[in-house]
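Chemist:
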Amino acid sequence: MLLSERIGPIETTASAPLYLQLQRALREAIQHKILTPEDALPPERDMAEDFNVSRITVRKALEGLVSEGLLTRRQGAGTFVASRVEKNFSKLTCFTEDMISRGRSPHSEWLAKMEGSVTPEESLTLGLSPSTPVYRFHRIRYADGAPMAVEYSTIAAFALPSVEVVEHSLYEAMADAGYRPVRALQRLRAVLITPQHATLLGVKAKDAGLLVERRGFLRDGRAVEITQSYYRGDTYDFVAELNDPA
Numbered sequence: 002m003l004l005s006e007r008i009g010p011i012e013t014t015a016s017a018p019l020y021l022q023l024q025r026a027l028r029e030a031i032q033h034k035i036l037t038p039e040d041a042l043p044p045e046r047d048m049a050e051d052f053n054v055s056r057i058t059v060r061k062a063l064e065g066l067v068s069e070g071l072l073t074r075r076q077g078a079g080t081f082v083a084s085r086v087e088k089n090f091s092k093l094t095c096f097t098e099d100m101i102s103r104g105r106s107p108h109s110e111w112l113a114k115m116e117g118s119v120t121p122e123e124s125l126t127l128g129l130s131p132s133t134p135v136y137r138f139h140r141i142r143y144a145d146g147a148p149m150a151v152e153y154s155t156i157a158a159f160a161l162p163s164v165e166v167v168e169h170s171l172y173e174a175m176a177d178a179g180y181r182p183v184r185a186l187q188r189l190r191a192v193l194i195t196p197q198h199a200t201l202l203g204v205k206a207k208d209a210g211l212l213v214e215r216r217g218f219l220r221d222g223r224a225v226e227i228t229q230s231y232y233r234g235d236t237y238d239f240v241a242e243l244n245d246p247a
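For the sequence shown, my numbering assigns the number 2 to the initial residue and increments by one for each residue that follows.
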């Protein structure tokens with residue numbers, strides 16, 4: 002079956018540039034699971050003939066989706082629908098926003114929601130006095146039904162009305178309360194998956210993993226969030242855009 006028969010033709014008479022129309026058609030096909038992870042796209046020459054456009058149009062459409070993390074190019078093999086998720090370190094987004102922006106369907110399985118007081122270490126990190134109340138959120142993060150990460154968040158209690166207001170997105174609940182972080186410091190390091198996390202993530206103990214530690218800040222400089230996320234090393238890539246200061 003031709004790709005145009007799977008995702009539909011593009012309107013060559015529409016006002017939007019052809020590459021954007023093709024890009025949108027491919028993006029929607031990925032979002033609606035018409036094209037699924039690891040699906041191979043036809044060669045650019047065949048796609049150009051199929052959609053009655055130039056190879057340059059096809060190349061520009063694909064390059065845009067590669068930069069979004071929806072497609073991946075493999076030298077000597079072609080272009081495929083991405084199965085790994087790329088997290089852009091230059092943007093402060095939450096897991097839910099990352100997954101939705103890449104056409105994935107996110108959900109969480111709660112391990113714990115609880116009230117507590119800062120530990121001595123948290124007190125130093127968050128700049129809170131001893132015994133200051135905090136909320137803790139422990140959960141497994143999923144994308145398209147597959148476990149991606151185990152996440153442990155500690156939030157200063159002033160930033161949320163209660164633990165119960167967090168249903169799906171922690172950052173959405175914090176935004177509703179007027180306390181969503183506007184900047185963060187993050188540290189990433191390689192780890193070996195522990196037996197406990199291996200069971201939760203559906204991988205083997207001592208498989209490669211990634212630990213991302215985040216400290217989120219409000220506009221006035223107050224620290225409001227500490228999050229530790231243990232990611233499966235086989236499903237997640239972290240990317241950062243670097244610029245020449247000159």
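Here a beta-carbon is modelled for each residue, glycine too, at the ideal position from N, C-alpha and C.
Rounded to a whole number of angstroms, what is the C-alpha to C-alpha distance between residue 160 and residue 185?
Modeler: Position 159 of the sequence shown, counted from the first residue, corresponds to residue 160. Position 184 of the sequence shown, counted from the first residue, corresponds to residue 185. Looking at the two C-alpha atoms, the distance is approximately 16 Å.
Chemist: What whole-angstrom Cβ distance do residue 95 and residue 171 have, given they're in contact under 8 Å?
Modeler: One-based indexing of the sequence shown puts residue 95 at position 94. One-based indexing of the sequence shown puts residue 171 at position 170. That pair is a contact at about 7 Å.
Chemist: Since I believe residue 137 is in contact with residue 157 (beta carbons under 8 Å), could you give me their beta-carbon distance rounded to a whole number of angstroms?
Modeler: In the sequence shown, counting from the first residue as 1, residue 157 sits at position 156. In the sequence shown, counting from the first residue as 1, residue 137 sits at position 136. With a Cβ gap of about 11 Å, residue 157 and residue 137 do not count as contacting.
Chemist: Within its chain, find whatever has a CB closer than 6 Å to the CB of residue 115; leave out the 5 residues flanking it on each side and keep chain order.
Modeler: If you number the sequence shown from 1, residue 115 lands on position 114. If we look at residue 115 and ignore the five residues flanking it on each side, its Cβ neighbours are 137.
Chemist: Taking DSSP's pairing of strands, which residues face residue 139 in a bridge?
Modeler: Numbered from its first residue, the sequence shown carries residue 139 at position 138. Beta-bridge pairing links residue 139 to 113 and 153.
Chemist: What span of residues does the alpha helix (DSSP H) with residue 226 cover, start to end?
Modeler: Position 225 of the sequence shown, counted from the first residue, corresponds to residue 226. Premise fails: residue 226 lies in the beta strand (DSSP E), 224 to 233, not in any alpha helix (DSSP H).
Chemist: At which residues does the alpha helix (DSSP H) containing residue 22 begin and terminate?
Modeler: In the sequence shown, the residue the question calls residue 22 occupies position 21. Its alpha helix (DSSP H) spans residues 19 to 32.
Chemist: For residue 193 and residue 218, I'd like the C-alpha separation in whole angstroms.
Modeler: Here residue 193 refers to the residue found at position 192 of the sequence shown. Here residue 218 refers to the residue found at position 217 of the sequence shown. So the alpha carbons of these two residues sit roughly 29 Å apart.
Chemist: DSSP has residue 214 in a bridge; who is on the other side?
Modeler: Looking up residue 214 in the sequence shown gives position 213. Paired residues: 188 and 229.
Chemist: Compute the Euclidean distance between the alpha carbons of residue 48 and residue 68, then round it to the nearest angstrom.
Modeler: As a first step, residue 48 must be located in the sequence shown, where it is residue number 47. As a first step, residue 68 must be located in the sequence shown, where it is residue number 67. Each residue's Cα considered, the two are about 19 Å apart.
Chemist: Would you kindly work out how many angstroms separate the C-alpha atoms of residue 215 and residue 51, rounded to a whole number?
Modeler: Taking the first residue of the sequence shown as 1, we reach residue 215 at position 214. Taking the first residue of the sequence shown as 1, we reach residue 51 at position 50. Near 46 Å, if we compare the C-alpha coordinates of residue 51 and residue 215.
Chemist: Is it buried or exposed for residue 9, if we count other Cβ within 10 angstroms and need 16 for buried?
Modeler: For the purposes of this step, residue 9 is taken as the residue at position 8 of the sequence shown. Result: exposed.
Chemist: Could you spell out where the beta strand (DSSP E) holding residue 125 opens and where it closes?
Modeler: Translated into positions along the sequence shown, residue 125 becomes position 124. Not the beta strand (DSSP E): residue 125 falls in the alpha helix (DSSP H), residues 121 to 127.
Chemist: Using CA atoms only, rank isn't needed, just tell me which of 228, 177 and 80 is closest to residue 189.
Modeler: By one-based count along the sequence shown, residue 189 stands at place 188. Cα-wise, what sits closest to residue 189 is 228.
Chemist: Sorted by chain position, which residues of the same chain lie with C-beta nearer than 7 Å to residue 97's C-beta, five sequence neighbours on each side aside?
Modeler: The residue you call residue 97 lines up with position 96 of the sequence shown. So the qualifying residues of the chain are 107, 169 and 170.
Chemist: Just the Cα atoms here: how many angstroms apart are residue 66 and residue 222?
Modeler: Locating residue 66 in the sequence shown gives position 65, counting from the first residue. Locating residue 222 in the sequence shown gives position 221, counting from the first residue. Taking the straight line joining both Cα atoms gives about 36 Å.
Chemist: Which stretch, first to last residue, makes up the beta strand (DSSP E) that contains residue 179?
Modeler: The residue labelled residue 179 in the question sits at position 178 within the sequence shown. Run containing residue 179: none; DSSP gives neither H nor E here.
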